[in-house]
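Numbering (this note's numbering), first residue to last: 1 to 348.
Backbone N, C-alpha and C fix where the C-beta goes; we use that ideal spot for every residue, glycine too.
Below is one structure, written out as structure tokens, with a few remarks after it.
In structure tokens, the structure reads:
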């Protein structure tokens, strides 16, 4: 369907109908083997950069991707915009052995025509990128934490639904929406789960008062609960990780000084990653680590100082220097090329 037609239908309706019967799209076995279970969330912004600008150059993106390909074959990005397209171009042109879970960022739009227009634009851009780079874009996440009760940009379920159906009707990849475990474990998640190909779940033990000793037992309990509620959907861990720093002085409901009970340090992150390696040996599950690099623009930027937890989840710091935990990751031999030798992206 032409982009103009999709845009008009998003604007005026009718909403795309649910596929009947709903046939879930899975991940090809070749891709699963290529990914080796472990993937990484990637945001490319360095010191002095931010989504609103300035943004990384092509050479900076290439540097990041060449670094990450030493440990990962699958990346998650949170937006579908010009910078994301540059990243996809780099992967294709440089024949890097990487695939991408593409994100479409959505915000609460009720009563806000500008935000609604931005949501439609992001959706159309996501569809275009998924179809332009089908050999790289492995799946699409429509919205990130738009349903959980604490989300600042929480959308109504009925506002998210048209975007999910629109993307799924106009792309061939598996489609989902990413959200916190504390949404997927609620009865109200059933309606959205019925519209997606797999559950994309965030579960951070650190932000839920867990220590390193408790982290994996806690995660197992959340997964068991959610899989019992959604027995017909694969559960992919869209975010897990351990921050290396936080501000313990920020005390109050929902604030990091109150939420976080475990140690935050490079050494704690290293232990978490080593424990994760042991956990993965007995769990056949696709896992996205959060995240590749520290991001100083997050958590209020310079105003909040360098210790804010939102700035300190990276396996590498903002200068692309590895933290100790990188030594706990599996490695790939240098010179490995892409698993898909079809540079134009046409289906074979």
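**Q.** Whole runs of the alpha helix (DSSP H) within the region 202 to 281, excluding any shorter than 4 residues
**A.** 215 to 229, 256 to 259 and 266 to 281
Q. According to DSSP, which residues form a beta bridge with residue 349?
A. Residue coverage of the chain in this structure runs from 1 to 348, which leaves residue 349 outside it and unanswerable.
Q: Output the distance between the C-alpha atoms of residue 197 and residue 31, rounded to the nearest integer angstrom.
A: 16 Å
Q: Could you tell me whether the Cβ atoms of residue 46 and residue 318 are closer together than 7 Å?
A: yes
Q. How far does the beta strand (DSSP E) with residue 287 in it reach, from first residue to last?
A. 287 to 289
Q: Within 10 angstroms of the Cβ of residue 240, are there 16 or more other Cβ atoms? Answer buried if so, exposed if not.
A: buried
Q) Using a Cβ-Cβ cut-off of 8 Å (strictly less than) and excluding sequence neighbours within five positions of residue 64, which residues of its own chain qualify? A) 42, 44, 56, 292, 293 and 320
Q.
If you follow the alpha helix (DSSP H) that residue 180 is in, where does it begin and where does it stop?
A. Looking at the DSSP string, residue 180 is not in any alpha helix (DSSP H); the run it does join, the beta strand (DSSP E), is 175 to 180.
**Q.** Residues bridged to residue 101 [DSSP beta-bridge criterion]
**A.** 76 and 139
Q. What is the DSSP secondary structure of residue 117, reduced to helix, strand or coil?
A. helix
Q: Under 6 Å Cβ to Cβ from residue 236, same chain only, skipping five residues before and after it: list those, please.
A: 198, 200 and 286
Q. Of all the options 224, 185, 49 and 180, which has the alpha carbon lying nearest to the alpha carbon of residue 203?
A. 180
(Q) Give me the residue from 212, 311 and 10 with the minimum Cα distance to residue 269. (A) 212
Q. From which residue to which residue does the beta strand (DSSP E) around residue 41 run?
A. 38 to 41
Q: For residue 88, collect the residues of the same chain with a Cβ closer than 6 Å to its Cβ; drop the 5 residues on either side in sequence, then sort them by chain order.
A: 133 and 136
Q: Determine the extent of the alpha helix (DSSP H) in which residue 63 is found, giving its start and end residues.
A: 58 to 68
Q: Put residue 164 into one of helix, strand or coil per three-state DSSP.
A: helix
Q | Endpoints, alpha helix (DSSP H) assigned at residue 189 | A | 189 to 193
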